[in-house]
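Presented below is the structure to which this report refers.
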């Protein structure tokens, strides 16, 4: 018998899996609603502002600048409780989940466990090309970038030294573009004064994309503009180039070997794995195909939102994997849960497109909002404004953001720490 | 043949091993001195303000708040270069060091590689009782403390739940006292609002000391006062109690088993290992016994300073392992190097005792300076003032310190991140 939560005697129990943009917003919308008790489960103790994770990877921000303990968001909320744990499977028929060996019954379930990197059938590449989804990955990328410069400084063989200063970013979506731009930026403006035997400005930053253009989700003109911007800040871009191999020595891109110990992955993503009983329909990226209220077909009390869901906005077009979309979905399904409890008709979801933006190095960005398109410094200021504003609301820490804005504009990087993977003493 | 540094043709080459308080200050004192070229080698890329490391371990500060890249300190200095690397041995006769397989000749050598934890012949305890010397150890301790509360929240067996909330700190010097106080503090003031199934304020914090009193380096009255302070904030202190065993289930202290998954080590330290040829005289803690100018007997161009040195101030009393002492020694030996180059007589070291302080939880501290002794809020404000002032000078970041002071006083902890030991994706 699955465990019945004590609160489920008096209230409807809503279980939310995942504390990302989608899950967190679902929980916030249900906070202080008398009819429900919410159990939010995440395998991490913090919510992460992923759009700025590349700043952690390039020593511009501290992990805790963009992460908040999920608990802290609900300290004063009686009807939301947080559990740190992993959920592996969902029984849709009997309405329970399995978390760390415990079966827990639910009345309503909101699955928002996000996505992870996909190495297209080459899981062995991960060791040599970490992706950028978690704090740990960001500090690992930071360690690799900074260590590469240190190793190059110590290297006496010119060929090896050159190879150490090759940085390869795979995948030219917003994350890849932002990461490549930030690496070029840190090399040419921050580290350039700090070394004696190498010139960090000579670092070669390569951005590789399998598709025919970068930032494919943006308008063609913006994509072209971003390409020019990248060239200007010294990022070498290769489109229509497929990565064929990655190992400890480097990468093979469209037949050419490029020696590098700093390869980073920003290419494919796939939905997080979750076992559903019975099985559910998924798209090629592993996303669960949901109805127009985000519920799973035939299981109207179970919803999937965020990067795990395939929600069709119109024929052959699904809801994009962007923070605003995830937040809107979270708010929407919370409302549907309440409608369902109250025996009301379920509303249908209307996506409000808030546009999208990507920054390219410093003082350059592209942004689009419906037919409005921006580039250059103006787009960058818009980008900065939106992100800083959001983080301030989120972290309640104006001073940190003010300082970051300042250091970012004036090329200081405070978080240039190389921390090893092992905590044990090594003196 | 050992490598001759190119600069050693025109200048005297000074090699400094270690970028802690001692080594960093030696390098700073030699910065821009025409007669020398300095190579500073550290296995980490950052200098760490160790006195506040326990604040990182208890989520009050970010690692980068108390760490600065060593390179950044010398960006504008021509005659100091930094190498990230490990030094394993020193050949005193032939005057070269071995760093990562490379032999490098020196004219003068300053060894300042610090100290590490000593588990008194029980290295297997480390896995279960990390110490607090590095950023990695601090974030590991933070992970363990925060995870213990999370695990307790999920635990349904009351006995196991209670055991998860047992925290044991071994060693009641300043680090142990500060860590135990901060754990009690975070449990009772920060986490207390955040959980549903446990009351974090019920956490049991045990401070264990083998000697007859805590903070033995302080005046007896201060030590007694600190003991009262600890009791007041809810730390259980056991003096004259030896730890007999530590494993994954807990500790045995003076015959009694205490179940705990959160045991932290702040007891013995020993000097970092370094192979000298020929061998040199050391004390029981592995510290090199140095002359009154910090040189090694018979090798007047090689100096050992900081926690690696045993320097006798007076009969049976050695220079204490405190930051001000290390800084003074660094400055002093730099001057001796210049005196030696210029054929002048070497001055002898005079230790300026700047006193010492330790904080006990929040708003309580003890401080002594010669015959002046302070306790309570006044000592705590003095402690805060000294540390914040130093860090501001050091980091050039007034806003961060202002904010930290604010959060510290008002019990907010921003850095409550549980980051795992493995960066690989686990969705």
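Protein chains in written order, with our numbering: chain A, 4 to 430; chain B, 4 to 430.
For glycine and all other residues, C-beta sits at the position ideal for the given N, C-alpha and C.
Which of the residues in the segment 52-85 of chain A, read from start to end, lie with their CB under 7 Å from any CB of chain B? 65, 66, 67, 70, 72, 74, 75, 78 and 84
Give every residue of the same chain whose Cβ lies closer than 8 Å to the Cβ of residue 201 (chain B), excluding the five residues on either side of it in the sequence, and list them in chain order. Excluding positions up to five away in sequence, the list reads 152, 155, 156, 164 and 168.
In chain A, which residues lie with their C-beta within 8 Å of the C-beta of residue 251 (chain B)? None at all; the shortest Cβ gap to chain A is about 16 Å.
Should residue 88 (chain B) be flagged as near chain A, meaning a C-beta pair shorter than 8 Å? yes
Who are the neighbours of residue 196 (chain B) on chain A, taking C-beta pairs under 7 Å? 78
Check the Cβ-Cβ distances between residue 418 (chain A) and every residue of chain B, and say whether any is below 8 Å. At least one chain B Cβ lies under 8 Å of residue 418 (chain A).
Chain B within 8 Å of residue 153 (chain A), Cβ atoms only: yes
Inter-stretch contact at 8 Å, needing at least 3 Cβ pairs: the segment 247-257 of chain A / the segment 95-111 of chain A: The segment 247-257 of chain A and the segment 95-111 of chain A do not touch, with fewer than 3 CB-CB distances between them shorter than 8 Å.
Pick from A:228, A:273 and A:318 that is closest to residue 433 (chain A), judged by C-alpha positions: Since the first and last residues shown for chain A are 4 and 430, residue 433 (chain A) lies out of range.
So, at 7 Å on beta carbons, what are the nonlocal neighbours of residue 298 (chain A) in its own chain, with the 5 sequence-adjacent residues on each side left out? Cβ neighbours of residue 298 (chain A) beyond the five flanking positions: 305 and 306.
For residue 421 (chain B) and residue 296 (chain B), what's the separation of their Cα atoms in angstroms? Near 46 Å, if we compare the C-alpha coordinates of residue 296 (chain B) and residue 421 (chain B).
Along the chain, where does the beta strand (DSSP E) containing residue 376 (chain A) start, and where does it finish? 375-378
Name, please, each residue of chain A whose Cβ falls closer than 8 Å to the Cβ of residue 49 (chain B). Those within 8 Å of residue 49 (chain B) in chain A are 419, 420 and 421.
Does residue 35 (chain A) get closer than 8 Å to chain B when you measure Cβ to Cβ? no
Quick one: grab the DSSP three-state call for residue 340 (chain B). helix
Does the structure place the segment 139-148 of chain A close enough to the segment 51-60 of chain A that three or more beta carbon pairs sit under 8 Å? The answer is yes - the segment 139-148 of chain A touches the segment 51-60 of chain A, with three or more Cβ pairs under 8 Å.
Keeping to the same chain, check which residues put their C-beta closer than 6 Å to that of residue 92 (chain A); ignore five residues upstream and five downstream. 101 and 278
Does any CB atom of chain B fall closer than 8 Å to the CB of residue 259 (chain A)? no
Using a beta-carbon distance below 8 Å, is residue 127 (chain A) in contact with chain B? no
Check whether residue 362 (chain A) and residue 228 (chain A) have beta carbons under 8 Å apart: no
Under 9 Å (Cβ pairs) to chain B, residues found in the segment 109-139 of chain A: 116, 117, 118, 119, 120, 129, 130, 133, 134, 136, 137, 138 and 139
Establish whether the CB of residue 43 (chain B) and some CB of chain A are separated by less than 8 Å. Output row for residue 43 (chain B): interface = no.
Along the beta strand (DSSP E) that carries residue 253 (chain A), what are the first and last residues, could you check? 253-256
Quick one: what does DSSP say residue 142 (chain B) is sitting in, helix, strand or coil? helix
Against residue 149 (chain B), what residues of chain A qualify as contacts under a CB-to-CB distance less than 7 Å, listed in chain order? 48
Under 7 Å, CB to CB, which of the residues in the segment 201-212 of chain B have a partner in chain A? none
Is the CB-CB distance between residue 439 (chain A) and residue 90 (chain A) below 8 Å? Because chain A spans 4 through 430 in this model, residue 439 (chain A) falls outside it and cannot be assessed.
With a threshold of 16 other CB atoms inside 10 Å of the CB of residue 281 (chain A), please say whether the residue is buried or exposed. exposed
For residue 311 (chain B), does the count of other Cβ atoms within 10 angstroms reach 16, so buried, or fall short, so exposed? buried
Leaving out five residues on either side along the sequence, give the residues of the same chain with a beta carbon under 8 Å from the beta carbon of residue 64 (chain B). Listed in chain order, the non-local C-beta contacts of residue 64 (chain B) below 8 Å within the same chain comprise 55, 58, 407 and 418, local neighbours out to five positions each way being set aside.
Taking the beta carbon of residue 222 (chain B) as the centre, do at least 16 other beta carbons fall within 10 Å, making it buried, or is it exposed? It is exposed - the Cβ of residue 222 (chain B) has fewer than 16 other Cβ atoms within 10 Å.
Per-residue DSSP class, three states only, for residue 121 (chain A): coil
Within chain A, partners of residue 157 (chain B) - CB distance below 9 Å: What residue 157 (chain B) touches in chain A: 86, 87, 88, 102, 103 and 105.
Chain B residues whose Cβ lies nearer than 7 Å to that of residue 199 (chain A): At a beta-carbon threshold of 7 Å, the residues of chain B lying near residue 199 (chain A) are 84, ordered along the chain.
Continuous alpha helix (DSSP H) stretch holding residue 73 (chain B): start and end: 73-76
Which partner residues of residue 362 (chain B) appear in the DSSP bridge assignment? B:368
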